[in-house]
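Chains as they are written, first to last, in this note's numbering: chain A, 1 to 219; chain B, 220 to 438. Here's the structure we're looking at; comments come further down.
Number of protein chains: 2
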Amino acid sequence: MTKIKALPEPTLRRIPKYIHLLMQMKKQGVVHVSSATIADELGLDSIQVRKDLSLAGMVGKPKVGFDMTELVEGLMNILNWGNLKEAFLAGAGNLGEAILGYKKFNDYGLNIVAAFDNDESKIGKKIYGIEILPIEKIANMIKRMHIKIGVITAPPEHAQEVANLMIEGGIWAIWNFAPVHLKIPEDIILENVQLSHSLSALTYKLAEKIKTNDYKIPN
Amino acid sequence: MTKIKALPEPTLRRIPKYIHLLMQMKKQGVVHVSSATIADELGLDSIQVRKDLSLAGMVGKPKVGFDMTELVEGLMNILNWGNLKEAFLAGAGNLGEAILGYKKFNDYGLNIVAAFDNDESKIGKKIYGIEILPIEKIANMIKRMHIKIGVITAPPEHAQEVANLMIEGGIWAIWNFAPVHLKIPEDIILENVQLSHSLSALTYKLAEKIKTNDYKIPN
DNA sequence: AACCTATCGATATATTTTTATCGATATAAA
DNA sequence: TTTATATCGATAAAAATATATCGATAGGTT
Ligand SMILES: NC(=O)c1ccc[n+]([C@@H]2O[C@H](COP(=O)([O-])OP(=O)(O)OC[C@H]3O[C@@H](n4cnc5c(N)ncnc54)[C@H](O)[C@@H]3O)[C@@H](O)[C@H]2O)c1
Ligand SMILES: NC(=O)c1ccc[n+]([C@@H]2O[C@H](COP(=O)([O-])OP(=O)(O)OC[C@H]3O[C@@H](n4cnc5c(N)ncnc54)[C@H](O)[C@@H]3O)[C@@H](O)[C@H]2O)c1
Numbered sequence: 001m002t003k004i005k006a007l008p009e010p011t012l013r014r015i016p017k018y019i020h021l022l023m024q025m026k027k028q029g030v031v032h033v034s035s036a037t038i039a040d041e042l043g044l045d046s047i048q049v050r051k052d053l054s055l056a057g058m059v060g061k062p063k064v065g066f067d068m069t070e071l072v073e074g075l076m077n078i079l080n081w082g083n084l085k086e087a088f089l090a091g092a093g094n095l096g097e098a099i100l101g102y103k104k105f106n107d108y109g110l111n112i113v114a115a116f117d118n119d120e121s122k123i124g125k126k127i128y129g130i131e132i133l134p135i136e137k138i139a140n141m142i143k144r145m146h147i148k149i150g151v152i153t154a155p156p157e158h159a160q161e162v163a164n165l166m167i168e169g170g171i172w173a174i175w176n177f178a179p180v181h182l183k184i185p186e187d188i189i190l191e192n193v194q195l196s197h198s199l200s201a202l203t204y205k206l207a208e209k210i211k212t213n214d215y216k217i218p219n
Numbered sequence: 220m221t222k223i224k225a226l227p228e229p230t231l232r233r234i235p236k237y238i239h240l241l242m243q244m245k246k247q248g249v250v251h252v253s254s255a256t257i258a259d260e261l262g263l264d265s266i267q268v269r270k271d272l273s274l275a276g277m278v279g280k281p282k283v284g285f286d287m288t289e290l291v292e293g294l295m296n297i298l299n300w301g302n303l304k305e306a307f308l309a310g311a312g313n314l315g316e317a318i319l320g321y322k323k324f325n326d327y328g329l330n331i332v333a334a335f336d337n338d339e340s341k342i343g344k345k346i347y348g349i350e351i352l353p354i355e356k357i358a359n360m361i362k363r364m365h366i367k368i369g370v371i372t373a374p375p376e377h378a379q380e381v382a383n384l385m386i387e388g389g390i391w392a393i394w395n396f397a398p399v400h401l402k403i404p405e406d407i408i409l410e411n412v413q414l415s416h417s418l419s420a421l422t423y424k425l426a427e428k429i430k431t432n433d434y435k436i437p438n
């Protein structure tokens, strides 16, 4: 058992990429992989890959590289994949449904076992086998079932109030899709998915590109 | 017109946060705002806010702060919000539908005008008023309509092939939701949304937290 | 066995990003 | 008018991250 301290954020964000690639290569029968190969595939620098893997406690052999199985399992272990955790989702709308239907999140340890909404017409129904319950019950049920992860796909106006309920219930981590800055105690883990931010970065770069292209080819 | 060079990536990712907050404050009638207030609301450092705004070409007044209207408009301008761009989406499944139905992306400049799929049973139908066309047509139509942005919500096995079609048609930017590393020419803008990566970061931190808490309270 | 070479991993350097310091200035109060 | 102070913005320092260098070694080759 190698001791590892908290991974730097950038490294943490790259590890899933490594895992995805490695799983794919493994399926194709590859048994050893070098940092250079990984770097090449992902458009990174081999030194960086080596550093990341080393931070994650992985060791390779000169001239050979890393053992595929060891590597994949080691990395998955670090991210706690495969260690399924029950979760609740609040806001069973368009996005909520898409997430409820996406069973692959199971691979990453997320198992949504119930959804909550405040729309009478949705309550009692099931989506992909997952029951929709009234939002009022969420705090109590989190407490009773010792749920650790809450997913928020409610509208932005209600996201904070939903987060408060989750916190009241004793949630440990929130995966938030609503475009708001949630105010939560700092010991609670918060992961925001702000699609509009990603989109903004894209449109910014596109605008830059259009600008430069206009200068280059002004016809 | 202040000249601005390409923004650092971290700054670029924070600007949408500023805009969201500022729009909200503006609605409440606030006309001036200080870097300290922004920082406070978003849990950032006021120096960083000032730096970001300065990089974005915004200027404030001592003792007063920044003019709200100027600031919001200036930042939106930089991100090219409000400058609506037509886009195509490929893969009209669960996630694709959620995105097609999310009209707020219009605010950020994204206007999806057609969707493409390879599922016969979906072709010809409309989702939220947007027609679903056969994927084979996408390259040609991108060319004909001078579409600049392509959104990929197809399954991972087909994402690269869809990307290739978009590139063939002459797309400038791709917003990819499939969990694969797309190989594309480097002059094409690529923005990946890897929900599973975000989830991985969450589960990693959760695992860390559980570990330390187990040590602290071993009962 | 001696040598060659791909690859690791440790250490060093460079770059980027964040945080600190402090003088300058606009506004309000004395 | 003078003084006080909130806030900016320029510059400097520190911290985090990425990249470069290079000796060590496993395993193949002569
Ligand atoms: N759909 C997208 O593609 C998309 C993209 C980016 C961000 N988002 C964000 O994700 C969230 C969900 O988006 P959506 O498109 O699914 O919206 P939606 O309106 O389809 O769904 C929202 C759901 O939340 C429920 N809800 C409302 N108030 C609630 C409350 N207090 N407690 C529990 N449930 C409540 C509604 O009844 C509805 O079922 C929003 O915050 C949205 O801004 C969505
Ligand atoms: N649903 C989610 O919450 C979620 C979360 C994370 C990632 N994703 C990713 O987003 C993508 C879409 O997910 P989904 O849940 O909507 O899947 P889905 O199966 O519901 O939808 C995929 C759609 O793509 C279409 N398609 C298949 N091959 C195609 C091709 N060659 N060209 C065009 N269209 C094609 C299918 O007919 C289907 O309509 C996948 O890559 C998935 O891994 C989804």
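Virtual Cβ for every residue (Gly too), placed ideally from N, Cα, C.
{"Item": "Does asparagine 299 of chain B come out as helix, strand or coil in the three-state DSSP assignment?", "Value": "coil"}
{"Item": "Output, in chain order, the set of chain A residues within a Cβ distance shorter than 8 Å of glutamate 260 of chain B.", "Value": "His181"}
{"Item": "Under the criterion of a Cβ to heavy atom distance below 8 Å, does glutamate 161 of chain A qualify as lining ligand 3?", "Value": "In terms of ligand content, the structure shown lacks ligand 3 and carries ligand 1 and ligand 2 instead."}
{"Item": "At a cut-off of 8 Å, is asparagine 325 of chain B close to ligand 1 when judged by its beta-carbon and the heavy atoms of the ligand?", "Value": "no"}
{"Item": "Check whether the region 417-426 of chain B and the region 161-173 of chain A are in contact - that is, three or more C-beta pairs closer than 8 Å.", "Value": "yes"}
{"Item": "In or out: methionine 145 of chain A buried (at least 16 other Cβ within 10 Å) or exposed?", "Value": "exposed"}
{"Item": "Return yes when at least one heavy atom of ligand 1 lies under 8 Å from the C-beta of alanine 154 of chain A, else no.", "Value": "yes"}
{"Item": "Quick check: the Cα distance between isoleucine 142 of chain A and phenylalanine 116 of chain A, rounded to an integer number of angstroms?", "Value": "12 Å"}
{"Item": "Return the chain-ordered list of same chain residues with a C-beta closer than 6 Å to the C-beta of serine 196 of chain A, the five sequence neighbours on each side being excluded.", "Value": "Pro179"}
{"Item": "Buried or exposed: where does aspartate 271 of chain B fall if 16 or more other Cβ atoms within 10 Å of its Cβ makes it buried?", "Value": "buried"}
{"Item": "In terms of residues, what are the limits of the alpha helix (DSSP H) holding lysine 17 of chain A?", "Value": "9-27"}
{"Item": "Going straight from the alpha carbon of methionine 385 of chain B to that of glutamate 405 of chain B, what length do you get?", "Value": "14 Å"}
{"Item": "So, for leucine 231 of chain B: in the same chain, excluding its five sequence neighbours on each side, which residues have a beta-carbon less than 6 Å away from its beta-carbon?", "Value": "none"}
{"Item": "Name the residues in the region 409-428 of chain B whose C-beta lies less than 9 Å from a C-beta of chain A; which are they?", "Value": "Leu409, Glu410, Asn411, Val412, Gln413, Leu414, Ser415, His416, Ser417, Leu418, Ser419, Ala420, Leu421, Thr422, Tyr423, Lys424, Leu425, Ala426, Glu427, Lys428"}
{"Item": "My understanding is that threonine 153 of chain A touches glycine 91 of chain A, with C-beta atoms under 8 Å, so please give their C-beta distance in whole angstroms.", "Value": "4 Å"}
{"Item": "Going by DSSP in three states, alanine 311 of chain B sits in which element: helix, strand or coil?", "Value": "coil"}
{"Item": "How far does the alpha helix (DSSP H) with aspartate 259 of chain B in it reach, from first residue to last?", "Value": "254-261"}
{"Item": "Measuring only the C-alpha atoms, how far is lysine 344 of chain B from isoleucine 138 of chain A?", "Value": "37 Å"}
{"Item": "How big is the Cα-Cα spacing for lysine 228 of chain A and asparagine 140 of chain A?", "Value": "As displayed, chain A neither begins before 1 nor continues past 219, which places residue 228 of chain A out of reach and without an answer."}
{"Item": "Do we get a CB-CB distance below 9 Å when we pair phenylalanine 105 of chain A with the residues of chain B?", "Value": "yes"}
{"Item": "Of all the CB atoms in chain B, is at least one closer than 9 Å to the CB of alanine 154 of chain A?", "Value": "no"}
{"Item": "Does lysine 17 of chain A come within less than 9 Å of chain B when only Cβ atoms are used?", "Value": "yes"}
{"Item": "Taking the beta strand (DSSP E) that glutamate 131 of chain A falls in, what are its first and last residues?", "Value": "130-134"}
{"Item": "For phenylalanine 88 of chain A, which of A/Ile99, A/Gly74, A/Trp81 has the nearest alpha-carbon?", "Value": "A/Ile99"}
{"Item": "Express the C-alpha separation of valine 268 of chain B and alanine 255 of chain B in angstroms, rounding to a whole number.", "Value": "8 Å"}
{"Item": "Would you grab the beta carbon distance between methionine 68 of chain A and valine 33 of chain A for me? Rounded to a whole angstrom, and I think it's under 8 Å.", "Value": "6 Å"}
{"Item": "Helix, strand or coil: which one does DSSP assign to valine 162 of chain A?", "Value": "helix"}
{"Item": "Is it the case that the Cβ atoms of leucine 42 of chain A and histidine 377 of chain B are separated by a distance below 9 Å?", "Value": "no"}
{"Item": "Does any heavy atom of ligand 2 sit closer than 8 Å to the C-beta of glycine 310 of chain B?", "Value": "yes"}
{"Item": "Cα-Cα, which of A/Ile188, A/Gln24, A/His20, A/Pro155 is closest to asparagine 118 of chain A?", "Value": "A/Pro155"}
{"Item": "So glutamate 305 of chain B contacts chain A; which residues on that side make the cut at Cβ distance below 7 Å?", "Value": "By Cβ distance, chain A contributes nothing, its closest Cβ being about 12 Å from glutamate 305 of chain B, past 7 Å."}
{"Item": "For the beta strand (DSSP E) holding valine 332 of chain B, just list the boundary residues, first then last.", "Value": "329-336"}
{"Item": "Sort B/Asn432, B/Met244, B/Ser419, B/Ile349 by Cα distance to lysine 104 of chain A and report the nearest one.", "Value": "B/Ser419"}
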